[in-house]
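Enquirer:
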Amino acid sequence: MTSVGGSAQGPQTLDFGRAFTFPFKDPRWLTKTLIGGLFVLAGMVIVGNFFLFGYLAQLVRNVIARVEHPLPEWDDLGRFFVEGFKLFLVMLAYSAPILILVLLVVIPAAIVSESQSDFPAPAVAGLICLVLPLAFVVMAIMPAALVHAAANENAAAAFELAWIFRFIKQNALNYLLAIVVYVVANTLSQVGIILFCVGIVFTTFLSMVITAYAFSDGYRMATRP
Amino acid sequence: MTSDSRIVSALLSIVVSWLIFASSATAYLISQGASPKLALPFRLLCHGLARRSLRLWDTPMPICARCFGIYLGMSLGILIFLAFGLWLRKASPVWIALASAPLIIDGGTQLLALRESTNQLRLATGLLAGAAFILWALIHIELNGRQNLNRLKFKGLTPIEDS
Numbered sequence: 006m007t008s009v010g011g012s013a014q015g016p017q018t019l020d021f022g023r024a025f026t027f028p029f030k031d032p033r034w035l036t037k038t039l040i041g042g043l044f045v046l047a048g049m050v051i052v053g054n055f056f057l058f059g060y061l062a063q064l065v066r067n068v069i070a071r072v073e074h075p076l077p078e079w080d081d082l083g084r085f086f087v088e089g090f091k092l093f094l095v096m097l098a099y100s101a102p103i104l105i106l107v108l109l110v111v112i113p114a115a116i117v118s119e120s121q122s123d124f125p126a127p128a129v130a131g132l133i134c135l136v137l138p139l140a141f142v143v144m145a146i147m148p149a150a151l152v153h154a155a156a157n158e159n160a161a162a163a164f165e166l167a168w169i170f171r172f173i174k175q176n177a178l179n180y181l182l183a184i185v186v187y188v189v190a191n192t193l194s195q196v197g198i199i200l201f202c203v204g205i206v207f208t209t210f211l212s213m214v215i216t217a218y219a220f221s222d223g224y225r226m227a228t229r230p
Numbered sequence: 015m016t017s018d019s020r021i022v023s024a025l026l027s028i029v030v031s032w033l034i035f036a037s038s039a040t041a042y043l044i045s046q047g048a049s050p051k052l053a054l055p056f057r058l059l060c061h062g063l064a065r066r067s068l069r070l071w072d073t074p075m076p077i078c079a080r081c082f083g084i085y086l087g088m089s090l091g092i093l094i095f096l097a098f099g100l101w102l103r104k105a106s107p108v109w110i111a112l113a114s115a116p117l118i119i120d121g122g123t124q125l126l127a128l129r130e131s132t133n134q135l136r137l138a139t140g141l142l143a144g145a146a147f148i149l150w151a152l153i154h155i156e157l158n159g160r161q162n163l164n165r166l167k168f169k170g171l172t173p174i175e176d177s
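Protein chains in written order, with our numbering: chain A, 6 to 230; chain B, 15 to 177.
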């Protein structure tokens, strides 16, 4: 198992600027982004996402290995698909408690609302009180779990919860910065809609790789100082 | 043709056909009195301004004429690739640059409020750019797939043979 810790020279902080500029330093960034955008579009069918997740997993490993231009080529789709499918199952497993809770609350609420005119307020309140905090916790843990699984090329690593909690706790600042990178990149990607609408698929792809870079760079600093 | 480009072609055909079908079906349902809120999911992909959209059954489509043209062009590009893929050996980025130029000029000048385009022009420029882009991308994936196959053969591995 990979050990968690900080650098011997003191804690390293995530390079916020580099996370946003690294794709453009790659001489082939345009080609990789154009093809990536196509896979974002293909992601409207669930299967299309498997290629994207596999691609991001390879990006995570390249960042951790300090490859000069970490954006992978779109040349091994079979491998991307297989790994992406495993990561999709991990995401599904992490989301299962939320889905179960929603089903447990929403289905009885829907049955009750059949006999009443309004959707029952207690069910809505219960949904908000139970599901939202749980969803927040799951969403906060999932990136660390996915990066850990991608780094080890082992989907089962995503469920080493003790390791994942220790990693987040000991690298809280970098982890929070990576979440900020995610929020900023995701917000900026919406601008893509003004690039003839279809531009949003390319900006969404860029926001995905920027986010993956931020989380994996934080992981690299913690595990391979 | 490698399995990579065949799988991506199939996936994109499904997505693009679905978008074309769903946008047309939505226009039909709205024309039959369904709630205009049916068009809301399309806002994730397109502004869907009524004056910039084609009209079906006297109802504006939920995606603009340019997006409709792009998706139509993409499906056309996939068909061209499947028919002539083996003859198209060079994926030059100059292709998409040239074919996308009308879309960029038409859309760019409209974005800068220099002029207002027409739906016919939006459709035509989208069609051209969509077809060229998908052709370029699929040829690129095909060539990358072939390189990958050659690498596997060089390593002595035997991949599933492609036609």
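Yeah, the Cβ is synthetic: ideal placement off N, Cα and C, and Gly gets one too.
Because the structure is a prediction, the values reported are computed rather than measured.
Mind checking which residues open and close the alpha helix (DSSP H) that includes Pro28 (chain A)?
Expert: 21 to 30
Enquirer: In chain order, what are the residue ranges of uninterrupted alpha helix (DSSP H) at least 4 long that sit wholly in the region 49 to 101 of chain A?
Expert: 51 to 69, all fully within the region 49 to 101 of chain A.
Enquirer: Report the residue ranges of all alpha helix (DSSP H) runs contained in full by the region 82 to 148 of chain B; include only those spanning at least 4 residues, in chain order.
Expert: 107 to 125
Enquirer: Report back the beta-carbon spacing between Ser212 (chain A) and Leu200 (chain A) to the nearest angstrom; my notes put them in contact at under 8 Å.
Expert: Contact flag wrong, Cβ pair sits at about 14 Å.
Enquirer: Using a Cβ-Cβ cut-off of less than 7 Å, list which residues of the region 73 to 91 of chain A approach chain B; keep chain order.
Expert: So the close ones are Glu78, Trp79, Asp80, Asp81, Leu82.
Enquirer: Whole angstroms are fine: how far does the CA of Ala163 (chain A) sit from the CA of Val87 (chain A)?
Expert: 16 Å
Enquirer: How is the alpha helix (DSSP H) around Ala183 (chain A) delimited, first residue to last?
Expert: 177 to 194
Enquirer: Rounding to the nearest angstrom, what Cα-Cα distance links Gly223 (chain A) and Leu181 (chain A) in this structure?
Expert: 10 Å
Enquirer: Classify Ile155 (chain B): buried if its beta carbon has 16 or more other beta carbons within 10 angstroms, exposed otherwise.
Expert: buried
Enquirer: Rounded to a whole number of angstroms, what is the C-alpha to C-alpha distance between Arg71 (chain A) and Ala24 (chain B)?
Expert: 35 Å
Enquirer: Is Asn162 (chain B) closer than 8 Å to Val31 (chain A) when the C-beta atoms are compared?
Expert: This sequence places Asp at residue 31 (chain A); Val is not what is there. No, the Cβ-Cβ distance between Asp31 (chain A) and Asn162 (chain B) is not below 8 Å.
Enquirer: Can you tell me which of the three DSSP states Arg69 (chain B) falls into?
Expert: strand
Enquirer: To which residues of the same chain is His84 (chain B) closer than 7 Å at the C-beta, ignoring the five residues directly before and after it?
Expert: First, the residue type needs correcting, since residue 84 (chain B) is Ile and not His in the sequence shown. Result list for Ile84 (chain B): Gly140, Ala143, Gly144, in chain order.
Enquirer: Which residue's Cα is closest to the Cα of Thr228 (chain A): A:Tyr60, A:Phe207, A:Asn157, A:Ala190?
Expert: A:Asn157
Enquirer: Would you tell me roughly how many angstroms separate the C-alpha atoms of Phe25 (chain A) and Ile215 (chain A), rounded to the nearest one?
Expert: 6 Å
Enquirer: Within 8 Å (strictly less), CB to CB, does Gln161 (chain B) reach chain A?
Expert: yes
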